[in-house]
Amino acid sequence: MNRLPGGDIKAGPFLATGKLLQVALEIAKEVNYSLLHNNRELLSKLTLTKLVARQVLDITVQVELNVGTEHYPYRYTLPMMDDVQLALSSQVRIPLTANLPRSVRERVQSTVYVKVTCEGQTAFEDTRRVTLIPVDEWLDDTATNPWLPSFVLPRDPAVLAIIKSARRFLVAITDEPAAGFDGYQEQAAGVDKQVKAIWTALVHEYRLQYINPPPAYSKQTQRLRTPTEIIASNTGTCIDLALLLASCLEYIGLYPVIVLRTDHAFAGYWRAEDAHDQLVAVDRIPATVPAVGDRAARAAATRYVDPYGWRLTRLNYDEIMDYVESGDLVLLEATYLTGAFSYKGAAKEGQSKLRDRDEFDSLLDIQLARTADPPVTPLPLISG
7 MNRLPGGDIK AGPFLATGKL LQVALEIAKE VNYSLLHNNR ELLSKLTLTK
57 LVARQVLDIT VQVELNVGTE HYPYRYTLPM MDDVQLALSS QVRIPLTANL
107 PRSVRERVQS TVYVKVTCEG QTAFEDTRRV TLIPVDEWLD DTATNPWLPS
157 FVLPRDPAVL AIIKSARRFL VAITDEPAAG FDGYQEQAAG VDKQVKAIWT
207 ALVHEYRLQY INPPPAYSKQ TQRLRTPTEI IASNTGTCID LALLLASCLE
257 YIGLYPVIVL RTDHAFAGYW RAEDAHDQLV AVDRIPATVP AVGDRAARAA
307 ATRYVDPYGW RLTRLNYDEI MDYVESGDLV LLEATYLTGA FSYKGAAKEG
357 QSKLRDRDEF DSLLDIQLAR TADPPVTPLP LISG
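Under the working numbering, the first residue of the sequence shown is numbered 7, with each subsequent residue one higher.
Right, here's the structure in full:
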């Protein structure tokens with residue numbers, strides 16, 4: 007640690023040396039539930055280094071996240087350690103089923119306690135202060151946007167109410183009294199009618215209004231509203247509305263997408279399972295896809311092969327445009343839900359919003375996120 011002018015201490019790696027083990031511990035200043043829900047690490051670093059040539063025995067590791075009077079523990083026991091070094095940060099998990107972390111709606115000052123013992127000796131013991139970020143707060147940057155599908159909530163009660171309202175419009179659009187939402191059992195034109203019915207219900211039954219995000223107290227984070235909160239207040243941001251629309255589409259069995267620009271978000275959907283299968287198999291590759299190391303690839307400033315299979319980045323821009331222009335992928339400007347805009351107008355504007363290559367950041371395919379290993383699943387939010 008480094009001491010700053012005025013007596014403040016700058017956080018940094020902490021090394022503690024016992025007779026048998028050295029323990030290196032690093033913890034981020036903020037803990038985000040949505041990232042922990044997706045198997046991201048609570049500890050940035052927890053590494054044990056053996057200081058003797060022989061085996062060391064009976065190692066125990068204890069980690070606790072403390073929130074108020076509640077404690078969320080992790081325990082690990084190692085009978086013997088032969089290797090010189092052992093990294094454990096990826097193994098540390100806390101019980102996310104507890105109610106409090108899922109119901110936090112404001113930032114809470116908390117602590118993480120870590121203790122390591124070896125052969126009956128305490129090799130390391132420390133308590134670090136951390137900030138527990140609200141469950142509905144999303145870290146708004148390219149590094150963490152792969153986890154945004156966790157905020158697509160098809161089981162939110164408001165989604166079912168929307169679908170029930172939309173069925174009346176579906177009957178009118180199809181002129182079929184028995185019409186229902188049956189996903190990809192319909193041809194592409196029938197899929198469009200299902201989406202139109204949901205769109206029309208949201209526009210005419212709920213009369214939503216655009217609103218700025220709730221305060222997040224951080225430049226890189228944004229508070230996201232659930233479908234229930236959007237419908238209760240009749241308000242939402244561009245990303246709130248995109249997530250609402252994606253939640254409704256996923257509920258009826260369609261494959262939605264979320265498109266992120268540098269300053270905007272909107273939604274879309276695949277019109278047929280076959281087209282989505284082509285995306286998964288990478289069967290359609292435009293001739294203009296940049297090769298490894300060429301100028302376009304360098305300008306994109308991103309990995310050629312993205313580590314998250316459900317995210318398409320700037321290097322996939324031409325591939326995405328190919329699907330949009332062929333009619334296999336429909337994009338919808340979700341903020342058009344806040345005015346008397348038709349589904350057709352929203353689709354036209356959605357396609358227009360994608361045309362600026364420089365503003366495009368990524369496309370998140372919700373179905374691929376759900377089937378990833380491990381899957382990106384909806385957050386188990388608890389209403390406060």
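Here a beta-carbon is modelled for each residue, glycine too, at the ideal position from N, C-alpha and C.
A quick note: this is a predicted structure, and the numbers were derived from the prediction, not measured.
Beta bridge pairing from DSSP links Ser-116 with Val-136. Its Cα nearest to that of Val-165, the residue Glu-256 stands out among Glu-256, Val-265, Leu-343 and Gln-284.
Non-local beta-carbon contacts of Tyr-82 in its own chain, meaning distances under 6 Å to residues more than five positions away in sequence, involve Val-67 in chain order.
Between Arg-134 and Ile-100, the alpha-carbon positions lie close to 16 Å from each other. Going by beta carbons, Pro-140 and Arg-113 fall inside the 8 Å limit.
Annotation for Arg-173: no beta strand (DSSP E) segment contains it, though the alpha helix (DSSP H) segment containing it runs 163-180. Residue nearest to Ala-353 within the set Gly-274, Arg-267, Asp-89 and Asp-246 is Gly-274 (criterion: CA-CA distance).
As the crow flies, the alpha-carbon of Leu-159 is around 13 Å from that of Ser-40. Cβ neighbours of Glu-211 within its own chain (closer than 7 Å, five residues either side excluded): Ser-171. Scanning its chain for C-beta atoms nearer than 6 Å, with the 5 sequence neighbours on each side dropped, one finds around Tyr-323 the residues Arg-363 and Phe-366, in chain order. Counting only the Cα atoms, Ser-96 lies some 20 Å from Asp-64. Within the same chain, no Cβ atom closer than 7 Å to the Cβ of Asp-181 is found once the five residues on either side in sequence are excluded. Judged by DSSP in its simplified three-state form, Ala-184 adopts coil rather than helix or strand.
Taken atom to atom, the span from the alpha-carbon of Ile-236 to that of Asp-246 is near 8 Å.
About 19 Å separates the beta carbons of Gln-200 and Ile-264, which is beyond the 8 Å limit, so they are not a contact pair. Counting along the chain, Asp-328 sits inside the alpha helix (DSSP H) bounded by residues 323-332. Annotated three-state conformation of Pro-380 is coil, per DSSP.
Under a 10 Å Cβ-count criterion, Thr-377 is classified as exposed, with fewer than 16 other Cβ atoms of the shown protein chains found around its own Cβ.
The beta-carbon separation of Leu-26 and Glu-131, rounded to 15 Å, does not stay under the 8 Å limit for a contact. Residue nearest to Val-90 within the set Leu-54, Leu-84, Glu-70 and Thr-75 is Leu-54 (criterion: CA-CA distance).
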